[in-house]
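Asker:
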Amino acid sequence: MMHLTEEEMIAEFYGESDNPAAVERHLAACAGCAQAFAELKRDLADVNRIEAPARDAGYGERVWAALAPALPAYAKQERRGWAGNGWAARRWTNPWTKGLSYAAACALLVSCAFYAGRVWEQQKQQPIAQVTPKAPQAKQPIVVVVLDDHLDRSERFLVQLKHADVDSAQTAWPLRDEARSLLAANRVCRKNLAKTSDPELATALDHLDSLLAETVNEPGGLNAASIAKLQDEMNADGLLFEVRVLRTRITHPERAGDNPAKGGTI
Amino acid sequence: MSNDRMDRNDHAAIQAVLAGDKEAYGALVVRHSHTLFRVAYRITGNEADAEDAVQEAFLRGYRKLEGFESRANFGTWIYRIAVHCALDKIKRRKGDETSRVAEATDPEQDQVQVADAGAGPERLLLSGEIGSLQMEALHSLTATERTAFVMRHMEDSTTAEIGAALGIEPNAAKQAVFRAVQKMRRRLAPLRVAT
Chain A
0 MMHLTEEEMI
10 AEFYGESDNP
20 AAVERHLAAC
30 AGCAQAFAEL
40 KRDLADVNRI
50 EAPARDAGYG
60 ERVWAALAPA
70 LPAYAKQERR
80 GWAGNGWAAR
90 RWTNPWTKGL
100 SYAAACALLV
110 SCAFYAGRVW
120 EQQKQQPIAQ
130 VTPKAPQAKQ
140 PIVVVVLDDH
150 LDRSERFLVQ
160 LKHADVDSAQ
170 TAWPLRDEAR
180 SLLAANRVCR
190 KNLAKTSDPE
200 LATALDHLDS
210 LLAETVNEPG
220 GLNAASIAKL
230 QDEMNADGLL
240 FEVRVLRTRI
250 THPERAGDNP
260 AKGGTI
Chain B
0 MSNDRMDRND
10 HAAIQAVLAG
20 DKEAYGALVV
30 RHSHTLFRVA
40 YRITGNEADA
50 EDAVQEAFLR
60 GYRKLEGFES
70 RANFGTWIYR
80 IAVHCALDKI
90 KRRKGDETSR
100 VAEATDPEQD
110 QVQVADAGAG
120 PERLLLSGEI
130 GSLQMEALHS
140 LTATERTAFV
150 MRHMEDSTTA
160 EIGAALGIEP
170 NAAKQAVFRA
180 VQKMRRRLAP
190 LRVAT
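If you read the protein sequences in the order shown, they are chains A and B. Numbering of the first sequence is given in numbering that gives the first Met the number 0, commencing with residue 0 and proceeding in unit increments. Numbering of the second sequence is given in numbering that gives the first Met the number 0, commencing with residue 0 and proceeding in unit increments.
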């Protein structure tokens, strides 16, 4: 056997060695390890037990007296249905369990609503992904509606950002959430747009993507300074103008003097 | 009171509490509060924190009483909760500490009664110094190491019990004890030379 490690000696000292017989044989045969073990035993024997200050016989009563007012009584057991031992009845009448149950139910409801919203949004965006260059005219109305909706939301977001009272958390959080949601939708639009040839739209969506990403990832959260920085560095006003022009062109192609088929190829 | 009889009394009290008799919990508190105070004090090294940990443990125990397995031992169960509460206390306190060394070397800060049977005045003085140094060494450990060491060295708990109380694997508990012993020995090495 190799020399004992300190870990093995500590385990031996506390009677938890994996192979006590082998350790003892080695200690009997190896003077170096025997000395090291003797030193360990002496060191640990010197570490006295911390003696807790004595508590008188009334200590437990005092603890209970301090606790009792804060404890609600469990509801009396009743034999009900399949639960038989009343466990289920107790579970739901205990105020803590009740509170937790309400919280869990609310969380579940919010999760379901969020999931449903995501699915609905994805379904709305699905037609963009399904558009193929081979049949642009057939898909065009849907694509235009979806893109218009996205640009409409983006426009409203940019207007809100411009006029936001960002010193209020009630304003800053929804703005950031909306930016996050728009960012996801914008990336789907950009991905599909990559297959088409509308450089103006592509540029605007790229610009929008950068602004949204900056808004979502602003380290200190949204405040007057960060908004001013975004407005300045990201040219949010310019983007707002671009988005408005694009919306006009998509929803009223005849006014923009463009080929009506242009928006439909996205 | 024998352990078996205490178990039966504990289970009867738990049934009564769950049936709506809140006062029955008082019997459990009275029966186990001294044990909980002892371990909480050993872990926190502070009477006020230990008393807080005991109260918090019984409070948590009451809230979780429905989940208590009837085959388990209430004493062991509430003991583990108390270890957790004491551990939380020292973790919180460690976060607040700005100067651990200054605090630990203040002889009035951590009054520890070191067991010492045959005592002349010099021996008592030395014993007090040893106690202070030991407390300082304990303070140098992380909260988990300290709890593991106190449970292993002073409470005679097995590594499996330590792991269960700390919510970690037995092997991790074993490692925590090893690290604690190594650090304690290093910190107390000057004491060995002096004596």
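We put the beta carbon where it would ideally sit given N, CA and C, even for glycine. Nothing here was measured: the structure is a model prediction, and the numbers come from that model.
Just tell me which of R37(B), G60(B) and L58(B) has its CA closest to the CA of A49(B).
Answerer: As a working mapping, residue 49(B) is identified with position 50 in the second sequence. Comparing Cα-Cα distances from A49(B) to each of R37(B), G60(B) and L58(B), the minimum goes to R37(B).
Asker: Given a cut-off of 8 Å on the beta-carbon distance, is the pair L33(B) and I77(B) in contact?
Answerer: Your numbering for residue 33(B) matches position 34 in the second sequence. Your numbering for residue 77(B) matches position 78 in the second sequence. Per the sequence presented here, residue 33(B) reads as His, with Leu not at that position. Their beta carbons are not under 8 Å apart, which means H33(B) does not touch I77(B) by this criterion.
Asker: For my contact list, V28(B) and F73(B) are in at a C-beta cut-off of 8 Å; report their separation, rounded to the angstrom.
Answerer: As a first step, residue 28(B) must be located in the second sequence, where it is residue number 29. As a first step, residue 73(B) must be located in the second sequence, where it is residue number 74. Not confirmed; about 11 Å, so no contact.
Asker: Using the Cα positions of L64(B) and T141(B), report the straight-line distance between them to the nearest angstrom.
Answerer: Taking the first residue of the second sequence as 1, we reach residue 64(B) at position 65. Taking the first residue of the second sequence as 1, we reach residue 141(B) at position 142. If I take the Cα positions, the gap works out to 31 Å.
Asker: Taking only beta-carbon positions, decide if K44(B) is within less than 8 Å of chain A.
Answerer: Sequence index remark: in the second sequence, residue 44(B) carries index 45 (1-based). This sequence places Gly at residue 44(B); Lys is not what is there. Yes, G44(B) lies at the interface with chain A (some Cβ there is under 8 Å from its Cβ).
Asker: Interface residues of chain A around Y61(B) at Cβ under 8 Å?
Answerer: For the purposes of this step, residue 61(B) is identified with residue 62 of the second sequence, where counting begins at 1. Per Cβ cutoff of 8 Å: L66 and L70.
Asker: So which of R70(B), M153(B) and L132(B) has the shortest CA-CA distance to Y40(B)?
Answerer: In the second sequence, the residue the question calls residue 40(B) occupies position 41. When each option's Cα is compared against that of Y40(B), the closest is M153(B).
Asker: Starting from the C-beta of K88(B), find all residues in its chain whose C-beta is less than 6 Å away, skip the five residues before and the five after it, and write them out in chain order.
Answerer: Sequence index remark: in the second sequence, residue 88(B) carries index 89 (1-based). For K88(B), where only same-chain residues beyond five positions count, the Cβ hits under 6 Å are T43, D48 and A52.
Asker: Would you check if there are 3 or more beta carbon pairs closer than 8 Å linking the region 196-215 of chain A to the region 231-244 of chain A?
Answerer: Judged by Cβ distances under 8 Å, the region 196-215 of chain A makes contact with the region 231-244 of chain A, as three or more pairs qualify.
Asker: Between the alpha carbons of K90(B) and S139(B), how many angstroms are there, rounded?
Answerer: For this step, residue 90(B) is matched to residue 91 along the second sequence. For this step, residue 139(B) is matched to residue 140 along the second sequence. One C-alpha to the other measures close to 13 Å.
Asker: Contact defined as beta carbons within less than 8 Å: I believe L238(A) pairs with H206(A). What is the distance between those atoms, to the nearest angstrom?
Answerer: Reading the first sequence from its first residue, position 239 is the one you call residue 238(A). Reading the first sequence from its first residue, position 207 is the one you call residue 206(A). 5 Å between Cβ atoms; contact.
Asker: Can you confirm whether the region 21-35 of chain A touches the region 164-172 of chain B when touching is taken to mean that 3 or more C-beta pairs between the two stretches lie within less than 8 Å?
Answerer: Verdict: no, contact absent.
Asker: Can you find a C-beta in chain B that's less than 8 Å from the C-beta of E241(A)?
Answerer: The count along the first sequence starts at 1 and reaches residue 241(A) at position 242. No, its Cβ sits nowhere closer than 8 Å to a Cβ of chain B.
Asker: With a Cβ-Cβ cutoff of 8 Å, do I226(A) and V180(B) count as a contact?
Answerer: Counted from its first residue, the first sequence places residue 226(A) at position 227. Counted from its first residue, the second sequence places residue 180(B) at position 181. No. Outside cutoff.
Asker: Say whether chain A places a C-beta atom closer than 8 Å to the C-beta of L132(B).
Answerer: Residue 132(B) sits at position 133 when you count from the first residue of the second sequence. It does not; no Cβ of chain A falls within 8 Å.
Asker: Is it buried or exposed, D148(A), if we count other Cβ atoms within 10 angstroms and call 16 or more buried?
Answerer: Here residue 148(A) is taken as the residue at index 149 of the first sequence, counted from 1. With fewer than 16 other Cβ atoms within 10 Å, it is exposed.
Asker: Where does E50(A) fall in DSSP's three states?
Answerer: As a working mapping, residue 50(A) is identified with position 51 in the first sequence. Residue state, collapsed to three classes: strand.
Asker: Starting from the C-beta of D6(B), find all residues in its chain whose C-beta is less than 7 Å away, skip the five residues before and the five after it, and write them out in chain order.
Answerer: Residue 6(B) sits at position 7 when you count from the first residue of the second sequence. Cβ neighbours of D6(B) beyond the five flanking positions: N72.
Asker: In whole angstroms, what is the alpha-carbon distance linking T4(A) and A20(A)?
Answerer: Against the first sequence, residue 4(A) aligns to sequence position 5. Against the first sequence, residue 20(A) aligns to sequence position 21. Roughly 16 Å separates the two Cα atoms.
Asker: Any C-beta of chain B within less than 7 Å: which residues of the region 223-239 of chain A qualify?
Answerer: Result list empty, no residue passes.
Asker: Can you tell which of Y61(B), V82(B), Q14(B) and A23(B) has the C-alpha that lies nearest to the C-alpha of R145(B)?
Answerer: The residue given as residue 145(B) occupies position 146 in the second sequence. Here the closest residue by C-alpha is V82(B).
Asker: Distance, Cα to Cα, A15(B) vs R48(A)?
Answerer: Residue mapping note: residue 15(B) aligns to position 16 of the second sequence, counting from 1. Residue mapping note: residue 48(A) aligns to position 49 of the first sequence, counting from 1. Distance between the alpha carbons of A15(B) and R48(A) is about 37 Å.
Asker: N185(A) and D208(A) look like a contact to me (Cβ under 8 Å); what is the Cβ gap, rounded to whole Å?
Answerer: As a working note, residue 185(A) is residue 186 in the first sequence. As a working note, residue 208(A) is residue 209 in the first sequence. N185(A) to D208(A), Cβ: 5 Å. Contact.
Asker: Relative to chain A, which residues along the region 152-183 of chain B have a C-beta separation below 8 Å, given in chain order?
Answerer: Answer in chain order: H152, M153, T157, T158, K173, V176, F177, V180, Q181 and M183.
Asker: Indicate whether at least one CB of chain A lies closer than 8 Å to the CB of K21(B).
Answerer: The residue labelled residue 21(B) in the question sits at position 22 within the second sequence. Cβ-Cβ to chain A under 8 Å: yes for K21(B).
Asker: In three-state DSSP terms, what is Y73(A)?
Answerer: Position 74 of the first sequence, counted from the first residue, corresponds to residue 73(A). Coil.
Asker: Only counting the same chain, and skipping five residues up and downstream in sequence, which positions put a Cβ closer than 6 Å to that of R79(B)?
Answerer: The residue labelled residue 79(B) in the question sits at position 80 within the second sequence. Closer than 6 Å at the Cβ level, and outside the excluded window around R79(B), lie A164.
Asker: Given that S15(A) touches chain B, what residues does it touch there, using C-beta distances under 8 Å?
Answerer: The count along the first sequence starts at 1 and reaches residue 15(A) at position 16. The question names Ser, yet the displayed sequence has Glu at residue 15(A). Those within 8 Å of E15(A) in chain B are T157, T158 and K173.
Asker: Let's see if you can read the secondary structure: which residues bound the alpha helix (DSSP H) around T202(A)?
Answerer: Within the first sequence, numbered from 1, the residue matching residue 202(A) stands at position 203. Counting along the chain, the alpha helix (DSSP H) containing T202(A) begins and ends at P198 to N216.
Asker: Mind pulling the chain A residues with CB within less than 7 Å of R41(B)?
Answerer: Residue mapping note: residue 41(B) aligns to position 42 of the second sequence, counting from 1. In chain order: I49 and A51.
Asker: Among E46(B), N45(B), L35(B) and Y24(B), which one has its Cα closest to the Cα of P68(A)?
Answerer: Position 69 of the first sequence, counted from the first residue, corresponds to residue 68(A). Comparing Cα positions, the closest option is Y24(B).
Asker: Only counting the same chain, and skipping five residues up and downstream in sequence, which positions put a Cβ closer than 8 Å to that of M40(A)?
Answerer: As a working note, residue 40(A) is residue 41 in the first sequence. Before going on, a small fix: residue 40(A) reads as Lys here, not Met. These residues qualify, in order along the chain: F12.
Asker: With H2(A) as the anchor, note down where its alpha helix (DSSP H) starts and where it stops.
Answerer: For this step, residue 2(A) is matched to residue 3 along the first sequence. Per DSSP, H2(A) belongs to no alpha helix (DSSP H) and is neither H nor E.
Asker: Expressed to the nearest angstrom, what Euclidean distance is found between the alpha-carbon atoms of Y58(A) and G60(B)?
Answerer: Working through the first sequence from its first residue, we reach residue 58(A) at position 59. Working through the second sequence from its first residue, we reach residue 60(B) at position 61. Y58(A) and G60(B): Cα-Cα distance of roughly 18 Å.
Asker: Would you say H83(B) reaches chain A, if we count a Cβ-Cβ gap shorter than 8 Å as a contact?
Answerer: The count along the second sequence starts at 1 and reaches residue 83(B) at position 84. Cβ-Cβ to chain A under 8 Å: no for H83(B).
Asker: Near Y101(A), which residues of its chain fall below 6 Å by C-beta distance, leaving aside the five closest residues on each side in sequence?
Answerer: Here residue 101(A) refers to the residue found at position 102 when the first sequence is read from its first residue. Counting only Cβ-Cβ distances below 6 Å, and skipping sequence neighbours, we find nothing.
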